[in-house]
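> Right, I'll just put the structure down here and ask away after.
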Amino acid sequence: MSRFLDRFFILHPAPDPAWSLRRRAVYAVYRLAMVLCAGLCMGLALLVLSIGPYPNDILFGYLQSWLILALNAVPVALLVLLLYGALGRAWTAFLAGGGIALGFSLGNYYKLHFRDDPLYFEDMLILREAKAMASGDRYSLFFDLNIGAALFCLLLGTLLLRLLAPGRVRGWKRRLAPVLAALAVSAALSPVYLHAELYDSVENYDCLNRWSATQNYIAHGFAYPFFHSVGDFIETPPAGYHKSEAMELLSAYTDSDIPPDRQINVIAIMREAYADFSRYGVSGLDLSGYDLYHQLEAESLTGNLVTNIFAGGTVDTERCFLTGNYQLKNFRSNANSYLWYLRDQGYTVEGSHPYYQWFYNRQNINCYLGFERYRYYEGDYETRSAAIYPEDAVLLPEIYSDFQKNKATGKPYFSFSVNVQSHGPYATWDTGSPDCFADETYSLACRNAMNYYLATIWETDRELAKLMDWLRDDEEPVVLVTFGDHLPWMGDGNAFYEEMGIDVDPGTEEGFCRHYTTRYLIWANGAARALLGKDLQGQGPDISPCYLMNLVFQQLGWEGPAFMQAMTGMMNMFPVVSSASGLTMVDGRLTADIPEDRRALFQEFLYLQQYWRNEFLYE
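In this note's numbering, the protein residues as written are 12 to 630.
Rendered as structure tokens:
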């Protein structure tokens, strides 16, 4: 054995003090090479998990681009190198580093399957929420060939390094070198991963469509777009942005007070995962459950709300509505919102959400946005309902009760609430929900999910109608605003949408619009209509959530703060601005290229948005 190790000294568990300097150098280089090669191979192997439920043909697209291969493999290799220095053993470093990379890749793989949405860097801030959503029976983890292949590569690499690079590197000086090298290379490569033009230049769209944010992501693998998404997390101003220029643009407008005779109460309710399936021409479904909502629409101003999200990410729509931002920031302090304006106008501003206050960090961020009071599941709804997602039969009467209590203050009232009863995923097994919405045209899983979902929608509509009846004859003028946050999850990989023949493929303009579109409704009671001198009825424009408050103010005859006035003008020119895809609606068509005659105006839009997001204007 000793002769063998002497002949193949690179397999020796530790360097022999009697070795020459050359032999020591070869030994060290060999082990580093083995660690790096193993890490690179693991990074390449994990590409099998980058595709989620999409065709395996995408893997061949990766093979056609050395840049995709390199930028996905290098992060794993650098992580293994870092741990090699920290732990001293090649095989333990590979097992730990490869295991961490595998864990992140699995998170992305499952998220793509469950939500058709990849894992972004900013998702690291809501791991607690992700754990809560994945608990219980809501999602079922699975094991397939792609997962098995990735796991096999991890175990094989660990075994090979155990055999071919045994032993441990001793001495902190020897172990420090790989750590410093890994950190130095990572720092040097960070601009490459964040470089927008390079990212956009990578072509792998033979099987995918750039219009889809998800498909655009997986066209680049996983590790590469994941680290590229750090740039979205770390907000960068638009090209050419200067604070002084934005201030000058905003100075063309002046905050306008709400006239004393127009201080109308506003109750806003965002509906979880609302979709009107009667609009899709689907057969095999009894859609009479929507009749009540359609009656409410007939006496309201209604339209399409084109969101940035699909099947998840509730707070994006929520906070775009409250702030007027088309793209959100990380809220860590007081932030501009229309709530602060309403408070300055003497309004009581409060709301409710029958779910946990820590979810999406609402207990802190709602304060930053200007809510004076907000009620959550803890200490309130947990005593009123035994359901995981408290029913709207509990929530909506509480909303009305809060409105009535506010009358004693003599102040006008604004409330914003988020329901949760219709939250997915929807049970694919028999839950006892009314079996009256979907027939045997569909698979049992699809039928159960649709029955479950449509039952919750019908129950919400029933409670919404009750609330409107209570408000209808109220002596106080009230406007009610309801809208969805996104479409519902319907089967892994949107399987149930496909089964029903509903095109939610964002690869076409029609599919894109359907993928992101929910509904909004603006209704006024008799006292509000008399005060306004008009009925709020008819078809409203297709708009992004950042404009919905503008539309409400417009209908009430309020000009609002200076920023809102500027955005109202933009709404007419760019009614839909998608932060998810980079697409903008111009003259009724979605486009990635703003027409030349409107580019300067769109640049002003971006500048004003940047200023409003980052410069708090209220005391």
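Ideal placement from N, C-alpha and C gives every residue a C-beta, glycine not left out.
One question on the structure: do residue 507 and residue 296 come within less than 8 Å of each other, judged by their Cβ atoms?
no
> Measure how close the beta-carbons of residue 318 and residue 556 come, nearest whole angstrom, since I'm counting them as under 8 Å.
6 Å
> Let me know if residue 87 comes out buried or exposed under the rule of 16 or more other beta-carbons within 10 Å of its beta-carbon.
buried
> Could you tell me whether the Cβ atoms of residue 543 and residue 533 are closer together than 8 Å?
no
> Applying the criterion that 16 or more other CB atoms from any shown protein chain within 10 Å of the CB defines a buried residue, is residue 496 buried or exposed?
buried
> Which residues does DSSP pair with residue 426 in a beta bridge?
Looking at the DSSP assignment, residue 426 forms a beta bridge with 278, 361.
> Among 410, 190, 431, which has the Cα closest to the Cα of residue 99?
Answer by Cα proximity: 190.
> Thinking C-alpha only, which one of 526, 607, 413 is nearest residue 288?
526
> Just checking my contact of residue 252 with residue 620 at CB under 8 Å: how many whole Å lie between their CB atoms?
About 10 Å; that fails the 8 Å criterion.
> Classify residue 584 as helix, strand or coil using the three-state DSSP reduction.
helix
> What are the boundary residues of the beta strand (DSSP E) that includes residue 535?
528-535
> Mark residue 389 as exposed unless 16 or more other C-beta atoms lie within 10 angstroms of its C-beta, in which case mark it buried.
exposed
> Assign residue 549 to one of two classes, buried (16 or more other C-beta atoms within 10 Å of its C-beta) or exposed (fewer than that).
exposed
> What does DSSP give as the partner residues of residue 385 in its beta bridges?
362
> Taking 8 Å as the cut-off, does the segment 567-574 touch the segment 264-271 (at least 3 CB pairs, one atom from each stretch)?
yes
> To which residues does DSSP link residue 554 through a beta bridge?
316
> Answer yes or no: do residue 49 and residue 172 have a C-beta to C-beta separation smaller than 8 Å?
yes
> Could you say which of 334, 45, 478, 559 lies nearest to residue 175 if we only look at CA atoms?
Looking at the Cα atoms, 45 is the closest of the given residues.
> Could you check the C-alpha separation between residue 384 and residue 373 for me, to the nearest Å?
12 Å
> Decide if the segment 72-85 is in contact with the segment 232-245; the criterion is three or more beta carbon pairs, one per stretch, under 8 Å apart.
Segments in contact, yes.
> Along the chain, where does the alpha helix (DSSP H) containing residue 110 start, and where does it finish?
101-126
> How long is the line joining the alpha carbons of residue 75 and residue 395, rounded to whole angstroms?
58 Å
> Beta carbon of residue 406, beta carbon of residue 363: below 8 Å?
Closer than 8 Å, so yes.
> So if DSSP puts residue 634 in a beta bridge, which residue, or which two residues, is it bridged to?
Lying before the first or after the last residue shown, residue 634 is absent from the chain, which here runs from 12 to 630.
> What did DSSP end up calling residue 420 once you bin it into helix, strand or coil?
helix
> Which same chain residues end up closer than 7 Å to residue 15 when comparing Cβ atoms and leaving out the 5 residues on each side of it in sequence?
Annotation note: pLDDT 49 at residue 15 (below 50); position unreliable, coordinate value reported separately. Cβ neighbours of residue 15 beyond the five flanking positions: none.
> Going straight from the alpha carbon of residue 562 to that of residue 422, what length do you get?
23 Å
> Considering Cα atoms alone, identify which of 490, 625, 193 is closest to residue 345.
625
> Using a threshold of 8 Å, state whether the C-beta atoms of residue 168 and residue 52 are closer than that.
Cβ atoms of residue 168 and residue 52: closer than 8 Å.
> Tell me the rounded alpha-carbon separation between residue 206 and residue 470.
48 Å
> Of the choices 336, 428, 576, whose alpha-carbon is the least far from that of residue 365?
428
> Taking DSSP as the reference, what is the three-state secondary structure of residue 549?
strand
> Ignoring anything shorter than 4 residues or poking outside the segment 146-177, list the alpha helix (DSSP H) runs there in chain order.
156-175
> Just curious, the beta strand (DSSP E) that residue 596 is in, first and last residue?
595-597
> At which residues does the beta strand (DSSP E) containing residue 602 begin and terminate?
600-602
> Might you give, ordered along the chain, the residues of its own chain that have their beta carbon closer than 7 Å to the beta carbon of residue 612, omitting 5 neighbours on each side?
584
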